[in-house]
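Inspection log for the structure reproduced underneath, given as structure tokens.
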Amino acid sequence: MGLRVLQLAFCLLLLAPLGPPAAAQEFRLAMSSPPTSMDPHFYNLFPNINVSDHIFEQLVAMDADSHIIPALAESWTLVNNLTWEFKLRKGARFHDGSPLTAEDVAWSLDRPATIVGSPGKFDTYTKAIINKKIIDPYTIQLTTREPYPLLLADLTSIYIVSKKATQGLSSDDFASGKGMVGTGPFKFVRFQRDDRIELERNDDYWGKKPAWSKVTLRFIPNDATRLAALLAGDVQAIENVPTPDLAKVRADKNLSFYSKVSHRVIYLYPDTRREKSPFVTDKDGKPLDKNPLMDVRVRRALSIAINRDAIRDRVMEGLSEPTVNLVPAALFGHNPNLKPPKYDPEAAKKLLAEAGYPNGFGLTLHTPNNRYVNDEKIAQTIAQMWSRIGIATKVEGAPMSVYSARGAKSEYSIGLLGWGAQTGEASSPLRAMAACDNPAKGMGAVNWLKYCNPKMDAVLAKALNSVDDKERSSLLQQATAMVIDDGGVIPIHQQVTTWAAKKGIVYIPRTDERTHAYQFYPQ
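Per mature numbering (1 follows the signal peptide of the UniProt record, and there is no 0), the sequence shown runs over residues -24 to -1, 1 to 499.
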């Protein structure tokens, strides 16, 4: 298996667009959401990952289509069913000039488990490793307890940091530049929280040099302001083009537009565990003694009361794919038998009546308001649909930094969230969103309301240990169906990611939604 994966990876690397030679230019890029931490191991949150990609690298990475390619490991071998050996690039150096060694790799794989206070830890991706053996400075062996075919995919989420530069630091130290010593294409210069990060090209980078000598990543959550910055020339490119302005951007001869279906599912997570839930009330706002969201009929009613097609057409301007899957059709483990349910408010009312709520109840839907494309608008639209079946729904939006801090403390009754399949298959959302909360096993990283289905967990565990691709895919499909049938999570759509740039600047759009300054280049 290891040889097959390696051969595919090298082929993909050779086929990747090379872009132009490095040039002495400055590039300003507007991002839609700011990072909450600069520590690449603190919080598995997309804006944090997006920034880290510019400075730090992994042993193996994902290309634009979420296929595994070599990164700091130039090759790997499956020694036996439990042991993988990685050969490091001898030309890779940290930004302080020190060489990358196997000791830095071992340190980086150990560090995520030591992070304190993270709302979403990266050690989900290191739990399978039970032993690390340094063979020589450029060779390391990793051993798993059981056969574990997802090791390469998991390692695409773990950044390699310098042991010398990060030892003894707290996560807060990174914002000042301490520990910001990676091997990536750009070096850290300055971070101004919620405003920008400044970078300079790493001219000693082992790989293809970026086109830009200096890069400023601007954080502009407001859609209109972000687009205005592009039109005014304050920035040369943006991510997440505002959906109301899509037609204008596409028609503008001075701009180039890019889009791609992403592996991010936008979904709702209901409180299925607590007898009393903090934001479930009667119609007069009085807390209910019994939580209706514990009843699967109520959860199914919530799902079929959502008109996913209307959200696609009216809110997303066509840039979403309605779904009840956890990954898009192109990714491993997608279940083709799961189709979005027909919008049926009358059937939803009937289910509510059967569950003992013929007159409905009151509910607050919490959502980020600066993280996903139209996140709060989606929540407001869903609230209106639920109100039509008798569930008087209020919406409370908050910036992602505030929203996630509260969500991790289980402060909501139902919330909206998004999850991208970082490993390129359905095991990623299943482990993070739906598996019974078990930090020791790296399960339930964003399962904030503690949904738990032990039968699904047993199927997922079997999938994670199966080296037979056909069997693993079938098991992941089965596990997904169990979660959806149970209403443990309620998927809405796969997000379509968009970018716009000044004419003459090309971008390679990515399935994983990431926006990399080094993948923009002048035509």
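Backbone N, C-alpha and C fix where the C-beta goes; we use that ideal spot for every residue, glycine too.
Here the structure is a predicted model, which means the values were calculated and not measured.
TODO: Give a yes or no on whether the C-beta atoms belonging to residue 528 and Val371 are separated by under 8 Å.
DONE: Look at the range of the chain in this structure, -24 to 499, and you will see that residue 528 is not part of it.
Task: Helix, strand or coil at Ser363 according to DSSP, with G and I counted as helix - done: For the purposes of this step, residue 363 is taken as residue 387 along the sequence shown, with counting starting at 1. Reduced to three states, the DSSP call for Ser363 is helix.
Open item on the list: Am I right that Tyr494 and Pro23 are in contact with their C-beta atoms under 8 Å? What's the rounded C-beta distance?
Closed with: The count along the sequence shown starts at 1 and reaches residue 494 at position 518. The count along the sequence shown starts at 1 and reaches residue 23 at position 47. Contact flag wrong, Cβ pair sits at about 17 Å.
Task: Which residues DSSP lists as bridging Met38, in chain order - done: The count along the sequence shown starts at 1 and reaches residue 38 at position 62. Ile44, per the DSSP bridge assignment.
TODO: Output the boundary residues of the beta strand (DSSP E) element that contains Arg177.
DONE: For the purposes of this step, residue 177 is identified with residue 201 of the sequence shown, where counting begins at 1. Looking at the DSSP string, the run of the beta strand (DSSP E) that includes Arg177 is Arg172 to Arg177.
- [ ] Just tell me which of Gly183, Asp39 and Arg364 has its CA closest to the CA of Ser133.
- [x] Along the sequence shown, read from residue 1 onward, the residue named residue 133 stands at position 157. Among Gly183, Asp39 and Arg364, the Cα nearest to that of Ser133 belongs to Asp39.
TODO: Have a look at the DSSP bridge pairing and note the partners of Pro467.
DONE: Looking up residue 467 in the sequence shown gives position 491. In DSSP, Pro467 forms a bridge with Tyr243.
Task: Own chain partners of Leu203 with C-beta closer than 6 Å, once the 5 adjacent residues on each side are dropped - done: Stepping through the sequence shown from its first residue, residue 203 is reached at position 227. For Leu203, where only same-chain residues beyond five positions count, the Cβ hits under 6 Å are Pro218 and Asp221.
TODO: State the start and end residues of the unbroken beta strand (DSSP E) segment that holds Leu193.
DONE: For the purposes of this step, residue 193 is identified with residue 217 of the sequence shown, where counting begins at 1. Here the beta strand (DSSP E) through Leu193 covers Lys190 to Phe195.
Task: Val300 versus Pro467, Tyr379 and Tyr124, residue with shortest Cα-Cα distance - done: If you number the sequence shown from 1, residue 300 lands on position 324. When each option's Cα is compared against that of Val300, the closest is Pro467.
Open item on the list: From the DSSP secondary-structure annotation, give me the bridge partner or partners of Pro88.
Closed with: Walking along the sequence shown from the start, residue 88 turns up at place 112. For Pro88, which the question treats as bridged, DSSP gives no partner whatsoever.
Task: Spatially closest choice to Pro125 from Ala141, Tyr101, Ser94 and Leu21, by CA coordinates - done: Against the sequence shown, residue 125 aligns to sequence position 149. Minimum Cα distance to Pro125 is reached at Tyr101.
Open item on the list: Here's the rule I'm using: 16 or more other beta-carbon atoms within 10 Å means buried, otherwise exposed. How should Gly67 be labelled?
Closed with: Within the sequence shown, the letter at position 91 stands for residue 67. Exposed: under 16 other Cβ atoms inside 10 Å.
- [ ] May I ask you to report which of helix, strand or coil DSSP gives Glu322?
- [x] In the sequence shown, the residue the question calls residue 322 occupies position 346. Glu322: helix per DSSP, three-state reduction.
- [ ] Have a look at Glu50, Asn26, Trp60 and Val465 and flag the residue whose alpha-carbon is nearest the alpha-carbon of Arg249.
- [x] Working through the sequence shown from its first residue, we reach residue 249 at position 273. Checked all of Glu50, Asn26, Trp60 and Val465; the closest Cα to Arg249 is Val465.
Open item on the list: Less than 8 Å between the C-beta atoms of residue 502 and Leu307, yes or no?
Closed with: The first residue shown for the chain is -24 and the last is 499, placing residue 502 beyond what the model contains.
Task: Limits of the unbroken beta strand (DSSP E) element including Tyr483 - done: Residue numbering aside, residue 483 sits at position 507 when the sequence shown is read from its first letter. Taken as a continuous stretch (DSSP letters only), the beta strand (DSSP E) holding Tyr483 covers Ile481 to Tyr483.
Open item on the list: Pairs of beta-carbons, one from the segment 17 to 32 and one from the segment 466 to 486, closer than 8 Å: are there three or more?
Closed with: no
Open item on the list: Counting C-beta neighbours from all protein chains within 10 Å, is the total for Ser380 16 or more, i.e. buried, or is it exposed?
Closed with: The sequence position of residue 380 within the sequence shown is 404, counting from 1. Result: buried.
Open item on the list: I'd like to confirm the pairing. Which residues does DSSP put opposite Ala368 in its beta bridges?
Closed with: What you label residue 368 is simply residue 392 of the sequence shown in a count that begins at 1. Paired residues: Gly338.
Open item on the list: To the nearest angstrom, how far is the alpha carbon of Lys185 from that of Arg448?
Closed with: The count along the sequence shown starts at 1 and reaches residue 185 at position 209. The count along the sequence shown starts at 1 and reaches residue 448 at position 472. Approximately 38 Å between the Cα atoms of the pair.
Open item on the list: For Val165, report the span of its beta strand (DSSP E) as first-last.
Closed with: As a working note, residue 165 is residue 189 in the sequence shown. Start and end: Phe162 to Gln168.
Task: Reference Asp99, options Pro123, Leu127 and Ser74, closest by Cα - done: The residue labelled residue 99 in the question sits at position 123 within the sequence shown. Checking every option, the nearest Cα to that of Asp99 belongs to Leu127.
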